[in-house]
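Residue numbers (our numbering): 195 to 484. Yeah, the Cβ is synthetic: ideal placement off N, Cα and C, and Gly gets one too.
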């Protein structure tokens with residue numbers, strides 16, 4: 195009997211050590227993937243894989259015929275064209291974007307991606323290229339003109355968005371006013387806006403660039419009201435793994451070159467008209483002294 199117990203304990207100890215070793219090995223592989231500079235691999239492959247939410251108007255979305263278009267689509271293509279690299283776009287579950295990047299199923303997150311302190315701990319960011327802020331969109335008929343006007347009403351927000359984070363970080367600004375102090379979570383803003391139109395929710399916390407573009411395309415823009423509220427402004431940038439310092443350098447330089455040549459301004463005008471939220475301006479070149 196004692197011999198059987200000894201054998202059983204020995205087997206348990208063996209399996210525990212094996213599992214611990216596997217766990218440590220997996221963690222080591224994940225850490226190595228996150229700290230590797232992949233630029234030479236991307237250059238050799240000739241393409242870069244960009245993860246995005248393909249419902250985020252106007253940054254990256256599908257037209258009625260299914261074609262993927264958007265501001266970030268044009269911008270990413272223009273940046274990598276300078277290096278002879280094709281930009282491939284991979285629609286992903288936005289809630290899993292950092293996991294997809296960590297697992298190397300994508301090389302970049304480029305889709306109206308906001309820089310936040312929490313994200314900066316996990317990822318490396320390019321230079322910011324566009325200003326944005328979270329705004330409250332309501333139907334004009336509701337006569338809601340402030341965050342306090344959402345008292346007892348239902349608010350929608352996209353899962354794992356910067357808006358959802360701000361809502362939790364500063365509950366006294368908006369969250370504490372809404373019904374049940376809990377928002378309705380959506381996978382995409384499209385579904386949230388449909389619910390807003392159907393009065394299933396009375397407010398939507400959303401990126402100002404999305405709100406402005408969407409409302410401008412509606413038959414009756416005046417039926418929507420946008421409240422800026424008090425949340426601080428935020429910046430869009432490209433997210434990548436910590437080890438991709440060369441990739442960051444190439445993207446930063448590529449963005450600046452587009453601005454210097456006037457191509458960035460053309461892309462901005464195409465998608466935003468005269469509204470210029472770009473944070474990258476052409477460099478001032480000093481004239482040589484006579």
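Could you give the distance in angstroms between the alpha-carbon of residue i and the alpha-carbon of residue j?
i	j	result
residue 460	residue 417	30 Å
residue 431	residue 359	17 Å
residue 287	residue 342	32 Å
residue 331	residue 357	12 Å
residue 325	residue 318	18 Å
residue 448	residue 273	5 Å
residue 244	residue 269	12 Å
residue 234	residue 366	48 Å
residue 452	residue 354	31 Å
residue 443	residue 238	17 Å
residue 377	residue 384	16 Å
residue 471	residue 462	8 Å
residue 455	residue 323	16 Å
residue 425	residue 328	7 Å
residue 240	residue 277	9 Å
residue 450	residue 306	18 Å
residue 400	residue 478	35 Å
residue 466	residue 415	16 Å
residue 413	residue 388	14 Å
residue 469	residue 402	12 Å
residue 293	residue 457	33 Å
residue 283	residue 364	34 Å
Return helix, strand or coil for residue i, following the three-state DSSP convention.
i	result
residue 276	coil
residue 283	strand
residue 317	coil
residue 257	coil
residue 420	strand
residue 362	helix
residue 391	helix
residue 329	strand
residue 266	helix
residue 403	helix
residue 241	strand
residue 429	strand
residue 290	helix
residue 212	The predicted position of residue 212 is uncertain, since its pLDDT is 48 and thus under 50; a value taken from the coordinates is nonetheless stated next. In this structure, residue 212 counts as helix in the three-state DSSP scheme.
residue 456	coil
residue 246	strand
residue 408	helix
residue 447	helix
residue 340	coil
residue 299	coil
residue 323	coil
Just checking my contact of residue i with residue j at CB under 8 Å: how many whole Å lie between their CB atoms?
i	j	result
residue 247	residue 256	With 8 Å as the limit, residue 247 and residue 256 do not qualify as a contact, their Cβ atoms being about 11 Å apart.
residue 396	residue 338	7 Å
residue 345	residue 371	5 Å
residue 320	residue 231	Rounded, the Cβ-Cβ distance is 15 Å, inconsistent with contact.
residue 368	residue 427	So it is not a contact: roughly 16 Å between Cβ atoms.
residue 303	residue 291	5 Å
residue 429	residue 267	Between residue 267 and residue 429 the Cβ distance is about 19 Å, and since that is not below 8 Å, they are no contact.
residue 295	residue 433	7 Å
Got a sec? Which residues, its chain only, sit under 7 Å from residue i by beta carbon, not counting five neighbours each side?
i	result
residue 340	421
residue 275	none
residue 373	346, 347 and 348
residue 228	296, 435, 436 and 437
residue 219	Residue confidence for residue 219 is low, a pLDDT of 48 falling below 50, so the modelled location carries little weight and cannot support an answer.
residue 264	252, 253, 254 and 255
Suppose the cutoff is 8 Å on Cβ atoms and the five residues either side in sequence are ignored; what does the same chain contact list for residue i look like?
i	result
residue 499	Outside the shown range of the chain, which is 195 to 484, sits residue 499, and nothing can be said about it.
residue 333	390, 391, 393, 396, 417, 418 and 419
residue 439	231 and 318
residue 375	365 and 369
Once you ignore the five residues that flank residue i on each side, which residues in its own chain have a CB closer than 6 Å to its CB?
i	result
residue 386	350, 380 and 398
residue 285	248
residue 490	Missing from the structure shown is residue 490; the chain here goes from 195 to 484 and no further.
residue 271	281
residue 289	353 and 354
Answer yes or no: does any C-beta atom of chain D fall closer than 8 Å to that of residue i?
i	result
residue 348	Given the protein chain composition of this structure (a single chain), no chain D is represented.
### Query
Does the stretch 252–266 come within contact of the stretch 396–409, defined as at least 3 CB pairs closer than 8 Å?
yes
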